[in-house]
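Protein chains in written order, with the numbering used here: chain E, 1 to 300; chain L, 301 to 808.
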Amino acid sequence: MSDYAVQLEQVTKSFGTATAVRELDLNIPTGSIYGFIGPNGSGKTTTIRMILRIFFPDRGRVVVLGKDRGDCADDRVGYLPEERGLYRRMKVRDLLRYYARLKGFRDCDAEITSWLERLGADSWEKRRIETLSKGMSQKIQFIAAVVAKPRLLILDEPFSGLDPVNLELLREAIHEVRRGGTTIIFSTHEMDVAERMCERVFMIYNGQKVLDGTIGDIQRQYPANEVRIRTETGGGLPADLPGVERVEARGDFQHVTLKQGSRADELLQRLVGTVRLEHFELLRPSLHNIFLRIAGRKSE
Amino acid sequence: MRKILTIAWREYQAMVATRAFMIGMAMMPVLMLGGAWLPRLLQGMEEAEDRRIAVIDRTGRLFQPLKLAAEHRTRLLKADRKAPDEISDEPSGDVIPVSLVLNDSESSETAAGGMSAFQPGMTQRNPEERKAREALGLEEIHRYVLEEVSAGTFGDEERLALSEKIRKGELYAFVEIPEDILEAELPDLSVITSPEQLQLSTVTWIAEDAALSDAKRWADMSLNQIIRIQRLASTVSPLVLPTVMLELERKAVVQGSGLYFRDASGQITSEEKPNEFASLMLPVGIMMLMFMVIMMSAQPMLESVLEEKTLRIAEVLLGAANANQLMTGKLIGNVAGSLTVFGVYSIGGIVAAVCNGYSDSIPYSILPWFIVYQLLAVLLFSSVFMAIAASVSQLREAQSLLMPVWMVIMLPLFVWFNVVREPNSTLATVMSFFPPSTPMMMTLRMATGATIPVWQTIASFVLMIAGTTVGILAAARIYRVGMLRQGKTPRMTEILGWLFNRDGVRGK
């Protein structure tokens, strides 16, 4: 088996005069949960559609599960699109059976039953899709994506519209699929979700890759520059602290943003003799913050 | 192929196994035939009333016979509403017996001129009977009550007064008969150059529905017959007048017959006598069946593609099958659905024909052509509907794009009558070579029983195959690009542009 489930080599895709994806290189390790992050219109969906072979690149090469040819998605690829694609008048089981058979999985009834039970949806199997709530439809769409036992699963915003209980249920289901050896591409524009779900993330912005690696690597690339402090009295901090760019009060805490090159331990030393500290925490940058920094830099 | 069949099966089920489809299938012939039956049904529910007609008779000789003719008609009308075994003593079915016109009770009733084809209580199974009923004004159930208005001082004031009465509903119509209508001499036949020069003076009929009224038609027929009898009475002996009138009414029937051929035993024989009713209704019935099947196939295709596009199902499907597989599967499912419709209607039609004694008229020989053309028509139009649905985001937008398509589909419906009468006319031939019209035109022509030149059959079939192929390929391109496009509706020029470049979906 190849080390990579998906490989993109210098892939470019344009629509008319607009370039959606530019010279993109990407290697998605087999068996990983790989986050695709980026704002709307950044090129995520175009990249996914090229992996699914709905679109074909103008230049470059797309290798999916070891194959770089084919005019439609490999049957071993499952896909949950951002916008739900379910026939409203079909019954749940009929619809799941149809999607499984389209993927070449004919004896799918046992698998359908198993997934319906796992997601607590077994009582809906005879209901028409149009009678289901958004959360219920989301679960059915997820089952449709995994029912044919894919080796590569592409999930585009899988948690949208879910309440916390169902979100947790689906999160566990995704990890279960992954434990079965399936590679998962997890596309989202919610950085927090990507941080919690993925080992590796790929960030795309204006059609170009701006980040690619494990969460830890990325966070190391972007050192911590924020400190969260609470004093014993809950009061403010002295005004003339060295190396501090700005201080914001957030509830009982003071959020301190350090100037570039400043060190948190120097700040701590200075504070120790000045105020009585109750909490001092160095905050690692979130993907959200990193993204904002990159987006800010790019737009300058 | 497996994916195509999976898609086709779902498409077929979605099309056929729905309540809407079942209802549609049941309703379609009801609606189409209902258009013909409804007027009769409503007429049957209508209450007969007296229609008062004022007559200004400047001759002084026509009102009385016309009044008697109206009363005669009323008697026939009553008889016509009764069962045949109850009307043995009713008067004969002549338009106007000569005795009524000449006020001569001794003249023989049986020697009267008129539409002797009419028998009270008869049905209208053939055109002759229908013509006879029309001549007697029996297509309308109302009674005509004639009253005379003095012609002496009749002028515009009186016309206005009678018109007011008509507006108030007190009068139905008034008719003015000119003074010289009976005396006008026959012009010198040597100087006659047009039929108009033989015409008598004009009788004026004034009513709210003056143009198309049944009563006017009855008055026209009756007055002319009365005038003819009275004019002849001045030169022909009353003793022979009934015979003369009868002679004037007699005519030879020109009856159609099939071509002669030598049969298997070597005998020369002719084809069966063509049935006028079947000759007209059969081609139309076959064409309407084809049209219904197209309608019932293309519309579900439109809705299906629109649903897949607007609900983003297409993205899931295209993640499992390519656009060509998807489109092919959908077309196969659609064609299978159309065959179901076709099968049900055809069997129904054959059963109806057999039950009504038209089993000999069923053109089994054109059935294979019919099936092939039906399939090609469904493929062509479903592809077009599919492409249009893929181009838009809402049904409303699709409907505006479909307007010209519907016009093209319905083109044969506008000209069917001319084509049935002249199956090998230039119009019929030209339209047979226009692929969107070819299926309906060719089956319509074949169903008339006319001999269509072999080259035309082959050429139109080849053109149809080519047209359908081009249509499907063009639709496939539009479908591929359109299905994943969202946002504003593309202009027609933009859609046509998709045909010639692959931008949007395929790279290399």
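We treat Cβ as the ideally placed atom computed from N, Cα and C, and that holds for glycine.
What are the boundary residues of the alpha helix (DSSP H) that residue i is part of?
i              : result
K468 (chain L) : 456 to 468
F49 (chain E)  : A small correction: the amino acid at residue 49 (chain E) is Arg; Phe does not occupy that position in the sequence shown. 44 to 51 is the span of the alpha helix (DSSP H), which, as asked, contains R49 (chain E).
L170 (chain E) : 164 to 179
Y222 (chain E) : Counting along the chain, Y222 (chain E) falls outside any alpha helix (DSSP H), and DSSP gives it neither H nor E.
Would residue i and residue j qualify as a contact pair, given that the criterion is a beta-carbon distance under 7 Å?
i              : j              : result
V64 (chain E)  : I51 (chain E)  : yes
I477 (chain L) : D357 (chain L) : yes
K139 (chain E) : A110 (chain E) : no
P57 (chain E)  : V11 (chain E)  : yes
L589 (chain L) : A689 (chain L) : no
H279 (chain E) : R246 (chain E) : no
K809 (chain L) : A614 (chain L) : Not covered by the structure: residue 809 (chain L). The range shown for chain L is 301 to 808.
G66 (chain E)  : E9 (chain E)   : no
V705 (chain L) : V684 (chain L) : yes
I204 (chain E) : G38 (chain E)  : yes
V445 (chain L) : D350 (chain L) : yes
R780 (chain L) : A677 (chain L) : no
T768 (chain L) : L680 (chain L) : yes
I112 (chain E) : L153 (chain E) : no
A5 (chain E)   : Y79 (chain E)  : no
G637 (chain L) : V330 (chain L) : no
A750 (chain L) : N724 (chain L) : yes
L277 (chain E) : A264 (chain E) : no
R777 (chain L) : W798 (chain L) : yes
How many angstroms separate the CA atom of residue i from the CA atom of residue j?
i              : j              : result
I650 (chain L) : F591 (chain L) : 17 Å
A698 (chain L) : P790 (chain L) : 11 Å
F474 (chain L) : N524 (chain L) : 17 Å
L667 (chain L) : D514 (chain L) : 42 Å
S534 (chain L) : L362 (chain L) : 14 Å
P150 (chain E) : M301 (chain L) : 21 Å
D156 (chain E) : P81 (chain E)  : 5 Å
L169 (chain E) : M707 (chain L) : 54 Å
I215 (chain E) : E199 (chain E) : 6 Å
A451 (chain L) : M746 (chain L) : 60 Å
V355 (chain L) : L471 (chain L) : 11 Å
V256 (chain E) : N40 (chain E)  : 30 Å
G235 (chain E) : T274 (chain E) : 12 Å
R373 (chain L) : G455 (chain L) : 30 Å
Q786 (chain L) : T46 (chain E)  : 14 Å
E458 (chain L) : E464 (chain L) : 10 Å
E549 (chain L) : I353 (chain L) : 28 Å
T188 (chain E) : K126 (chain E) : 32 Å
A18 (chain E)  : G43 (chain E)  : 11 Å
Which two residues bound the contiguous beta strand (DSSP E) that contains residue i?
i              : result
R230 (chain E) : 226 to 231
E9 (chain E)   : 4 to 15
P301 (chain E) : Any question about residue 301 (chain E) goes unanswered here, given that chain E covers just 1 to 300.
K209 (chain E) : 208 to 214
I666 (chain L) : Here I666 (chain L) belongs to no beta strand (DSSP E), and DSSP marks it neither H nor E.
L184 (chain E) : One detail in the question is off: residue 184 (chain E) reads as Ile in this sequence, not Leu. Note, I184 (chain E): beta strand (DSSP E), 183 to 188.
G60 (chain E)  : 59 to 64
E447 (chain L) : 443 to 448
Quick one: grab the DSSP three-state call for residue i.
i              : result
F253 (chain E) : strand
I752 (chain L) : coil
V553 (chain L) : coil
K304 (chain E) : In this structure chain E extends from 1 to 300, so residue 304 (chain E) is not present and cannot be described.
L155 (chain E) : strand
I129 (chain E) : helix
E83 (chain E)  : coil
E195 (chain E) : helix
E245 (chain E) : strand
S760 (chain L) : helix
V536 (chain L) : coil
K67 (chain E)  : strand
G657 (chain L) : coil
V77 (chain E)  : strand
F418 (chain L) : Because F418 (chain L) sits at a pLDDT of 47, beneath the cut-off of 50, its placement in the model cannot be relied upon, and the following sentence gives the value as read from the coordinates. Three-state DSSP puts F418 (chain L) in coil, outside helix and strand.
Starting from residue i, follow its DSSP beta bridges and name the residues at the other end.
i              : result
H279 (chain E) : E:R230
A473 (chain L) : L:I353, L:A507
R200 (chain E) : E:Y34, E:T214
F561 (chain L) : L:T569
Beta carbon of residue i: closer than 6 Å to some heavy atom of the ligand GTP?
i              : result
A224 (chain E) : Summarising the ligand content, the structure contains no ligands, and the ligand GTP is consequently not present.
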